[in-house]
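At position 163 of the sequence shown the residue is numbered 737 (the numbering used here), and the sequence of numbers has no breaks.
Yeah, the Cβ is synthetic: ideal placement off N, Cα and C, and Gly gets one too.
Bear in mind that the values here come from a model prediction, so they are computed numbers and not experimental data.
In what follows, a single structure is set out as structure tokens and then discussed.
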Amino acid sequence: MKKKRYHLSPNLRIITDPASELAMIYHTLYGNPRIVNEEGLRFLSIFRQPITANEISEFCDGDPNDIIKEFAEVYFIVEPEFDEKKFLQDKKNQQLIQTRRRMTVDRMGLAISDSCNFGCTHCIHFQPMTSSHQALPIHQSSHSQFNMTWETAKRCVDQYITLMKEQRKSHGKIHFGNAEPLVNWPVAEQVLKYCNAIEDFSFEFSINTNLALMTRQIAEKFKKYQVRIATSLDGTQQANDAIRITKDGRGTYARILEKFDLLAEIDYPLDGFSTTVTESNFEFIDTDIIDLAIERKMTSIAFDYDLVGLIHVPIEKRITKLMRLKKYANEHGIDFFGTWDSPFRNLTSESLLFGEHAFCAAVQGKALEFNVNGSIKICGHTTTTIGHIDNFDGIFKEDSGLMQIITSRFPGTDKYCFGCEIEGPCGGQCHVTREVDSRLVSKERQKLFTDMCNFYRMTTESLALEYIRSNGTVATVNRQNCIF
């Protein structure tokens, strides 16, 4: 019987921490990170050229088969003829089959209004849609053509429930998002009442709102239907009021905190908020925003740098601030996260060997966002439509927009990303960045995408080093005494 020869996978990456003399090793496509010591690294170095276990035994005191098996099972070492890309292609085909069978969608969004009462210039919902810079109806006052009707909302909800029941599910998730959903509160409330009256199906509700239009009556409805509230506070007063403004340019900090207080008064307090950082408020952001969360007994902050508008701030400066704030937040019991840690979260969670993941649930085919006119997208932030409620079944056809997105965004299939150290867990980063990038002129396009790629790579490395130092446990080591 031919003995197996193994060599290092070309997709193996090593992040070393000289301070602890430990390293994180992982597969750039499949993940499966392990912390090893210097002996473990030396053992791996044996496989720089194809070699068998018997050949290794000649210069090791004990039997190396256990450690070889351990490394081979996570594809740190592979047989020379093994095609690692083909393995991913097979996984992608399985994902596409499940999507065509309408089995992947598990949540829906209702973009019930394209209008907003604020005037934040960085808002992701009002970015230019085309190279001609034609934009969504920015900062519009309430007008019927920008709001979803109850009839459309009901059709969308009914279609979603039908889809969930096809999957033999009796529970669903509905998110109210897009611009400012409270501009169209009457329809949102009708949806809540309608869904609550359905006896054989339960729901989780969430809403993304700036809170300014929330009255006590609306707040009480949120509490009644257990609507999870996502809202934003972009720093303390100076930082927030630099970017989160009304249509006439006034700051919103005081108004937002009033709404925080209102929710606390009715015993339905927020557990956290989101913070967006742009060039305009970068220098004003510090630990004081975390102190505010601590004082209000909150448990989380979703912190993000603007996906498309911060390239003039050096990456090193961005990451230094990010890691400092994360450390401070974590020390005070605050979960501190954002799109910046998506690749690392994917890397350290479920491997592509055993499950499916992409940059986010949307490009994995798990979400459908219904627009005010019944058109459908994969998330509330993107401008790419994949279908319409009038032809819902068409979304799942082989040549549909949804299939094209999943096909092009599945980890390991994007030529631009080939060879990247976070190719699998990143999966080509946020779809919105790609959309904005596609609308830029050539020179600007390369700058934006390169900047974001470098940012994700460097952030992932920083998080890996933090992980090594905080865990300090060697998961895989060389248990042999070998002569190198």
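Per DSSP, the continuous beta strand (DSSP E) segment holding Glu943 begins and ends at Ala941 to Phe944.
One thing to note: Arg587 has its Cβ within 8 Å of the Cβ of Tyr600.
For Met682, the secondary structure class from DSSP, reduced to helix, strand or coil, is strand. The C-alpha of Cys934 lies about 8 Å from the C-alpha of Cys1004. Buried is the label assigned to Gln938, since at least 16 other Cβ atoms lie within 10 Å of its Cβ. Counting C-beta pairs with one atom in each stretch, the stretch 797-815 and the stretch 841-859 have three or more that are closer than 8 Å, which means they touch. Contact between Ile651 and Leu582 holds: CB atoms are separated by about 6 Å, below the 8 Å threshold. By alpha-carbon distance to Thr1007, the top candidate from Asn770, Thr826, Leu884 and Pro607 is Leu884. In this structure the stretch 605-612 does not touch the stretch 629-640; the number of beta carbon pairs closer than 8 Å is below three. Counting C-beta pairs closer than 8 Å gives fewer than three between the stretch 769-783 and the stretch 811-822, which falls short of the contact rule. Counting only residues of its own chain and dropping the five nearest sequence neighbours on each side, Glu778 has a CB closer than 6 Å to the CB of Lys747. Between Asn752 and Ser687 the beta-carbon gap is near 6 Å, inside 8 Å, which marks them as a contact. Here the alpha carbons of Gly823 and Ser949 stand approximately 32 Å from one another.
Ala597 is bridged by DSSP to Thr590 and Val610.
Residues Met1032, Thr1033 and Ser1036 of the same chain have their beta carbon placed closer than 7 Å to that of Ile893, with the five preceding and five following residues left out of the count. In the structure shown, Ser1044 falls within a helical segment according to DSSP collapsed to helix, strand and coil. Cβ contact annotation for Asp909 (same chain, cutoff 8 Å, sequence separation greater than five): Gly846, Thr873, Ser874, Ile875 and Ala903, in chain order. As for any beta strand (DSSP E) of minimum length 3 sitting wholly inside the stretch 733-768, the runs are 745-750, ordered along the chain. If you draw a 10 Å sphere on the C-beta of His955, you find 16 or more other C-beta atoms in it, and that means buried. Counting only unbroken stretches of 4 or more residues, the alpha helix (DSSP H) elements lying wholly within the stretch 634-659 are 639-647, in sequence order. Contact between Pro624 and Arg579 holds: their C-beta atoms lie close to 4 Å from each other, under 8 Å. Ile952 and Leu976 do touch by the CB rule: their CB atoms are close to 7 Å apart, below 8 Å. Counting along the chain, the unbroken alpha helix (DSSP H) around Gly975 starts and ends at Gly975 to Arg983. In this structure the stretch 589-598 does not lie against the stretch 1022-1030, because fewer than three pairs of beta carbons, one per stretch, are closer than 8 Å. Residue pairing by DSSP puts Asp909 in a beta bridge opposite Ser874.
Shown here for Asp878: same chain residues with a beta carbon closer than 8 Å to its own, the five before and five after excluded, namely Ser848, Thr849, Thr850, Val851, Gly912, Thr913 and Trp914 in chain order. Cβ contact annotation for Arg674 (same chain, cutoff 8 Å, sequence separation greater than five): Phe970, Lys971, Glu972 and Met977, in chain order. Contact check for Gly809 and Phe775: beta-carbon distance about 40 Å, past the 8 Å limit, so the pair fails to qualify. Secondary structure of Asn721 (DSSP, three-state): strand.
The beta carbons of Met788 and Lys821 sit no closer together than 8 Å. By the criterion of a C-beta distance shorter than 6 Å, Gln764 is surrounded in its chain by Trp724, once the five residues flanking it on both sides are discounted.
When the beta-carbon positions are compared, Met722 and Val761 come within less than 8 Å of each other. In this structure Gly986 is buried. Its beta-carbon is surrounded by 16 or more other beta-carbon atoms within 10 angstroms. The continuous alpha helix (DSSP H) containing Thr922 extends over residues Ser916 to Thr922. Assignment of beta-bridge partners to His581 by DSSP yields Val652. Between Asn770 and Tyr734, the gap from beta carbon to beta carbon reaches 8 Å or more.
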